[in-house]
Structure formats: C-alpha cells, structure tokens
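Remarks on the structure that follows.
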Amino acid sequence: MARITFTGISSGNLGDHVGDDPVLVAQNRSKLKDLLSLSKIIYMSQVHGNEVIRVNSDTNSQPECDALITTDKSVGLAVLSADCLPILVSSQIAVAAIHAGRKGIVNGIIPKTIGQMVALGATKFEAIIGPAICGDCYEVDPTMYTELTSEYPALASKDGRPNLDLISGALSQLQSSGVDAEFVHICTKESTDFYSYRRLQNTGRQAGVISL
C-alpha cells in the first residue's frame, strides 16, 4: 500500500525556484523527509512538459521533467504545486508523481506516465489528485478556452464561462488509462491553507509525496 501525503502552507515552502532562502527550503524539505521516515525524497525541476523519468535511491539530481516513477521502497517522489495538479499514482510494484497543469494535460503527461508504469508490469492503479485550482477559479482567455475545449471537451466549464476544469480533464485521462482516480476537493485559490499562484502571485510551493 502506497503512502501519500499532501503538504500546505503550514509545512513551509518546498519550492527552490521561487526566490526563497535556499537554506530555509532545504530545512523544510529535510523536516518533511524525517516526518515521513524516508531515506530520500526526490523532487523535479518541473517545466510543464511531458518528460517522465524513472528514479531510485541512487538518483542524486533533481531531474528536469514533469513525472517521476519508482519501484524503490526507500524513496519518496514529490510533485510541487501552487494551483497545478499534484497527481499521485500507486500500483502494487510502482508509484508515480505527476505535475499536470494546462500544458501538461494537453501534452499528455498523464497517459504517458501510466504507459511507462504498465511497461514495468504495474497493474491495478489508483490515483489521487491533491489540492489544486478548481474549474470555477481558473479563468483563461476566451480564444484559448475555445481552442482547448474543442480538442479536450473534458476541460470545459460547467456553466459556459471561459474557465478550464483541469481536474475534470485529468480525471478523464486517468480513467481512460484504466486508473481509479479521485480529487481531494480542495481548491488552492479558495483555501488560504495552501499556496496559490493565482491568489498570491509571488508564492511558495506545497508538495504531494508518494512512496511504496
């Protein structure tokens, strides 16, 4: 059974790319690692792409990608977020952490990750989407809205406003990939317990962490 944790503002900023004191970020990451009793938590340099990288306890870098997979029980995988979707996927032999914003969903990061887990022999998937911006709060340019929802209907808003529903889009892709998935029903823009780029602009990052 995979272990899953989602942090918030109370755990401090975990992002090392937002101009925060790197010493404080390192301390926050170390506290989280100790709290979860893991030998290592591997973070990503997230770029809104579709690169998936498999890691293990020998991984000492912070890979430039938007999804991590491991079969190593001694490490945790982290995905940083502040409105984008932190998606944690578990199976009996492998786990994955996926960073999926608008670009990630369109670029296919979700099915690509599940496909690579299947290639490792993983089956019986479950996924949880952590705190993320909800469809009521993610307004975009009307032209962008029309273009994206014509190709990805699951992103369409419930009331016709030019708001993208990233959560519905991600759930649709997960379910199409054979994954039982759910959302924690916490909107980062609406809840002051979480970092939100849309609400705060210059802000930190929380994390979703998964381990076998």
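Counting from 12, one number per residue, gives the positions in the sequence shown under the working numbering. Built from N, CA and C at the ideal position, the CB exists for glycine as well.
Other residues of its chain near residue i: CB distance less than 7 Å, five sequence neighbours each side excluded
i       : result
Cys-148 : Cys-198, Lys-200, Glu-201, Arg-209
Lys-135 : Ser-102, Gln-103
Tyr-156 : Pro-173, Leu-175
Proximity winner among the options, relative to residue i (alpha-carbon distances)
i       : options                           : result
Arg-195 : Met-55, Asn-213, Gly-126, Ile-98  : Just to set this straight, residue 195 is Val in the shown sequence, not Arg. Closest by alpha carbon: Ile-98.
Pro-164 : Pro-142, Val-106, Val-117, Lys-42 : Val-117
Ala-107 : Val-86, Ser-85, Ala-93, Ala-78    : Ala-78
Arg-113 : Ala-133, Asp-69, Val-220, Ala-167 : Ala-167
Ile-80  : Met-55, Asp-32, His-59            : Met-55
Gln-127 : Val-63, Ser-50, Tyr-206           : Val-63
Cys-76  : Gly-60, Val-86, Gly-87            : Gly-60
Identified DSSP bridge partners for residue i
i       : result
Gly-302 : Since the first residue of the chain shown is 12 and the last is 223, residue 302 is not available in this structure.
Phe-17  : Gly-219
Phe-194 : Ile-140
Val-63  : Ala-78
Asn-24  : The partner list for Asn-24 (beta bridge, DSSP) is empty, contrary to what the question assumes.
Asn-71  : Paired residues: none, contrary to the question.
Boundaries of the alpha helix (DSSP H) in which residue i is found, first to last residue
i       : result
Val-58  : It is not in any alpha helix (DSSP H) - Val-58 carries neither H nor E in the DSSP assignment.
Asp-45  : 33–46
Arg-209 : 208–211
Ser-179 : 177–187
Proximal residues to residue i (C-beta, below 6 Å), its chain only, five neighbours per side dropped
i       : result
Leu-182 : Ala-192
Ala-218 : Thr-18, Leu-25, Ala-89, Leu-91
Asp-83  : Asn-67, Ser-68
Residues near residue i in its chain [Cβ-Cβ closer than 8 Å; skip 5 each side]
i       : result
Ile-178 : Leu-96, Ile-140, Ala-143, Cys-145, Gly-146, Phe-194
Within-8 Å CB hit, residue i to chain D
i       : result
Leu-223 : Going by chain labels, chain D is absent from the structure shown, which holds only one protein chain.
3-residue-minimum beta strand (DSSP E) runs that sit fully inside the stretch 77–153, ordered along the chain: 78–81, 86–92, 96–101, 106–111, 136–140
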